[in-house]
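Accompanying notes for the structure given below.
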Amino acid sequence: MHVWNGLDEVPADLPATVVSIGVFDGVHRGHQEILSSNVRAAKTRGALAVELTFDPHPAEVHRPDAGVVLIASLADRLDSLAQLGLDAVVVQPYTLDFARQTGEEFVRDVLVGALHAEQVVVGQDVRFGRDNAGDGALLIALGRELGFDVEIVSDLRGDISGRRWSSTWVRELLAAGDVRRAAVVLGRPHRLRGVVQHGFKRGRELGYPTANLDPDDLGVVPPDGVYAGWLIRPFHEDDAAAPGTGGLVERDGHHRLPAAISIGTNPQFDGPSRTVEAHVLGRTDLDLYGEEVVVELVEYLRPMLAFDGLDGLLVQMREDVVRAAAILEAPVPEELDPRAVTAGR
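Residues in the sequence shown are numbered from 0 upward in steps of one, following numbering that gives the first Met the number 0.
Okay, here's the thing in structure tokens:
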């Protein structure tokens with residue numbers, strides 16, 4: 000998938016395209032339906048499937064004090080878009096100057112002029128142009144005038160309550176720590192992407208080494224607690240033969256390793272700041288420092304707790320690993336006998 004950082008990078012000889020428009024924060028199931036329709040239409044026409052997205056989020060530009068936190072980083076958004084089969088994504092820098100275009104100017108100069116759109120695929124809530132004055136009706140009218148087709152994907156409902164798939168819904172679920180239901184709306188587990196940094200190495204001293212991520216630029220981080228999930232890293236030959244890999248699965252050139260993930264300040268040791276730490280089940284040999292990894296959150300296990308001593312903490316950590324393995328359908332590390340965990344309560 001080509002990534003063009005701004006309309007200036009779009010080739011002048013770009014062939015005909017089918018274009019979708021939007022930030023698509025989280026690339027949830029509603030977004031996926033729009034983009035899948037784009038890809039299908041492009042294949043039918045023999046055109047390129049193109050997504051026009053924006054960075055930063057328009058809300059950050061128009062309401063800089065609102066403290067908007069995106070569900071996922073731009074890198075993660077691009078990864079999700081690539082998996083949907085798009086040919087190219089334009090990451091347009093969003094500025095107040097760009098926002099001053101009228102709806103007509105945006106369609107004429109950007110969609111038709113720069114992106115050579117033969118068809119535009121959008122959701123029912125599409126808005127564009129100055130003050131978000133442009134909508135689906137205007138897009139259809141301009142399509143008739145300028146010679147492109149418009150497909151408006153019907154508003155998609157997410158559950159029996161009739162609520163539509165939305166980024167707002169995902170944020171609400173993540174704020175409540177309900178990563179399992181958030182995964183239903185997203186169509187995959189919520190992901191945190193970051194570079195592994197050095198921590199206090201307390202986990203290694205206790206026999207449970209962790210990959211520590213700085214939570215400041217990870218997207219929406221759920222509430223403090225312990226979660227079952229996966230750590231995803233690029234393929235490493237030494238992993239394939241490593242003992243205790245816990246059902247290692249290769250996907251798109253990456254390895255998914257089952258993990259118990261801790262989010263919080265580590266009350267047992269009066270941690271000074273909030274961190275995200277992932278312990279890969281059964282692995283004490285991994286050297287991930289400086290490596291960019293993805294952590295997927297599958298299910299909430301428990302809140303963060305402080306214990307009277309290390310013995311209580313170790314019993315709980317063993318139980319966390321056993322529960323995470325069961326949820327992820329991964330083998331329990333050989334050194335952890337579930338019967339011993341039960342007896343230690």
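Yeah, the Cβ is synthetic: ideal placement off N, Cα and C, and Gly gets one too.
N- and C-terminal bounds of the alpha helix (DSSP H) containing residue i
i: A182; result: 178 to 185
i: S166; result: 166 to 174
i: A41; result: 28 to 44
i: A81; result: 73 to 82
i: L327; result: 309 to 327
i: E59; result: 57 to 61
Element boundaries [beta strand (DSSP E), containing residue i]
i: P233; result: 224 to 233
i: F97; result: That residue, F97, is in no beta strand (DSSP E); its alpha helix (DSSP H) goes 95 to 98.
i: D54; result: 47 to 54
i: H1; result: 1 to 3
i: H189; result: 189 to 196
i: T274; result: 274 to 279
i: E150; result: 148 to 152
i: A210; result: 210 to 212
Residue i Cβ short of 6 Å to the ligand SAH heavy atom set
i: V293; result: By its list of ligands, the structure shown contains no ligand whatsoever, and the ligand SAH lies outside what it can speak to.
Residues near residue i by beta carbon distance below 8 Å, same chain, minus five either side
i: G246; result: Summary for G246: the model assigns pLDDT 48, below 50, so the residue's position carries little reliability; its value from the coordinates is reported in the next sentence. P257, L327, E328, A329, P330, listed in sequence order.
i: E104; result: G128
Reference residue i, options the options, closest by Cα
i: V89; options: D96, A81, L95; result: A81
i: H278; options: I262, A305, S272; result: I262
i: L77; options: L34, R39, F97; result: L34
i: T94; options: D86, G5, A48; result: G5
i: G157; options: D284, F127, V320, Q31; result: Q31
i: V292; options: L309, L217, R273; result: L217
i: M303; options: N37, D223, L85; result: D223
i: K42; options: V17, S165, V26; result: V17
i: V225; options: R232, Q100, V294, H27; result: V294
i: L300; options: G228, F306, R44, R192; result: G228
Beta bridge counterpart(s) of residue i as assigned by DSSP
i: Y299; result: Y226
i: S19; result: E50
i: P92; result: D54
i: G157; result: Paired residues: none, contrary to the question.
i: A163; result: It is worth fixing the name first, because residue 163 is Arg in this sequence and not Ala. Looking at the DSSP assignment, R163 forms a beta bridge with R156.
i: V220; result: In DSSP, V220 forms no bridge with anything.
i: G263; result: T274
i: A11; result: Its beta-bridge partners do not exist; DSSP assigns none.
Residues near residue i in its chain [Cβ-Cβ closer than 7 Å; skip 5 each side]
i: A58; result: A65, V67
i: Y207; result: H278, M316
i: L137; result: G102
i: F359; result: Residue 359 is absent from the model: the chain starts at 0 and stops at 344.
i: A181; result: V169, L172, L173, H189
i: D134; result: V125, R126
i: V26; result: R76, S79, L80
Own chain, CB closer than 6 Å to residue i, minus 5 neighbours either side, in chain order
i: A240; result: Reliability fails at A240, whose pLDDT of 48 lies under 50, so the model's placement of it is uncertain and the value that follows must be treated cautiously. Within the same chain, A240 has no close Cβ partners at all.
i: E290; result: V195
i: R344; result: In this predicted model, R344 has a pLDDT of only 36, less than 50, meaning its place in the structure is not dependable; the value taken from the coordinates is given anyway. There are no such residues.
i: D336; result: Bear in mind that the predicted position of D336 carries a pLDDT of just 49, short of 50, making it unreliable; the figure below should be weighed with that in mind. No residues qualify anywhere along the chain.
i: A15; result: A46, H115, E117
i: G84; result: V38
Interface flag, residue i vs chain C, CB-CB below 7 Å
i: P63; result: The chain labelled as chain C is not found in the depicted structure, where only one protein chain is given.
Continuous beta strand (DSSP E) assignments of at least 3 residues falling wholly in the stretch 107 to 146: Counting whole runs of 3 or more residues, the stretch 107 to 146 contains the beta strand (DSSP E) stretches 116 to 122.
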